[in-house]
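S.K.: What follows is a structure written as structure tokens; I'll ask about it next.
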């Protein structure tokens, strides 16, 4: 049986600076919401105080490709830091609005996406991350997507990957480029072997 | 097939963020574009269709 200490998600959350009980709490919530997403095909979101592990506000439900988290961002208090987690039915990495939400809400310490296929993605600012202009971030995300498109187009045209598998990898590589450019910490954790 | 345009422009992305909405429309743009490319790749080319049609005639 896998011990919690062997859980790669908990290990990563701890490396992102979270205390072990908070990391466990996030891992459990993420798995609960992932299961709900797998069943419904829609997004769910939760926010947790990064230091106390206390859940802030309700678990929110959204649609197949969007979710309104204004109830979470509106509940943030000055001087606190938060972990924001939401699910992606297609198991892709962060969208441009996900990253924009992190950079415009300075209290979000770490943003987490959990894919329906059990892939976890984590992103956070680091001590050396300079102030980020959101418009520059959106520009870089879209430019990276355009630059990589011919490569992934060829991959699906040749039948090397399905469009779904390709877009998961494509969105991950976009994030690697964006994270490198803005000095974010970014990690993908695959907890289940892909079929 | 080039990626023509995203569903959300950078200005629209900024507006969604301001409204507190996590919107994956631009990820959908990538998915839909690849899905279309895969569908087109499955369709027989004009040359292949012509070839098949000529073989049918001669049969």
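Protein chains in written order, with this note's numbering: chain A, 4 to 198; chain B, 14 to 72. In this text, a Cβ means the ideal position worked out from N, Cα and C, and glycines have one as well. Only a predicted model underlies this, so the values are computations on that prediction, with no experimental measurement involved.
Is it right to say residue 56/B is buried, meaning 16 or more other beta carbons lie within 10 angstroms of its own, or is it exposed?
M.R.: Counting other Cβ atoms within 10 Å of its Cβ, residue 56/B stays below 16 and is therefore classed as exposed.
S.K.: On the DSSP bridge list, what partners appear for residue 47/A?
M.R.: 64/A
S.K.: Just tell me which of 47/A, 27/A, 34/A has its CA closest to the CA of residue 55/A.
M.R.: 27/A
S.K.: According to DSSP, simplified to helix, strand and coil, what is residue 20/B?
M.R.: Coil.
S.K.: For residue 187/A, list the residues DSSP reports as bridge partners.
M.R.: 128/A
S.K.: Listing by chain order, which chain A residues have their CB less than 9 Å from the CB of residue 15/B?
M.R.: 149, 152, 153, 156
S.K.: Flag residue 169/A as yes if its beta-carbon sits less than 8 Å from any beta-carbon of chain B, otherwise no.
M.R.: yes
S.K.: Assign residue 29/B to one of two classes, buried (16 or more other C-beta atoms within 10 Å of its C-beta) or exposed (fewer than that).
M.R.: Counting of Cβ neighbours within 10 angstroms places residue 29/B among the buried residues, the total reaching 16 or more.
S.K.: CB-CB under 8 Å to residue 148/A, same chain, minus the five flanking residues each way: which ones, in chain order?
M.R.: Same-chain partners within the cutoff: 173, 177.
S.K.: What residues of chain A sit near residue 32/B, judged by a beta carbon separation below 7 Å?
M.R.: 73
S.K.: Whole angstroms are fine: how far does the CA of residue 143/A sit from the CA of residue 163/A?
M.R.: 27 Å
S.K.: Which residue or residues does DSSP assign as beta-bridge partners of residue 113/A?
M.R.: 86/A, 127/A
S.K.: Please list the terminal residues of the continuous alpha helix (DSSP H) segment that includes residue 13/A.
M.R.: 11-18
S.K.: Inspect the beta-carbon positions of residue 119/A and residue 89/A and report whether they are closer than 8 Å.
M.R.: no
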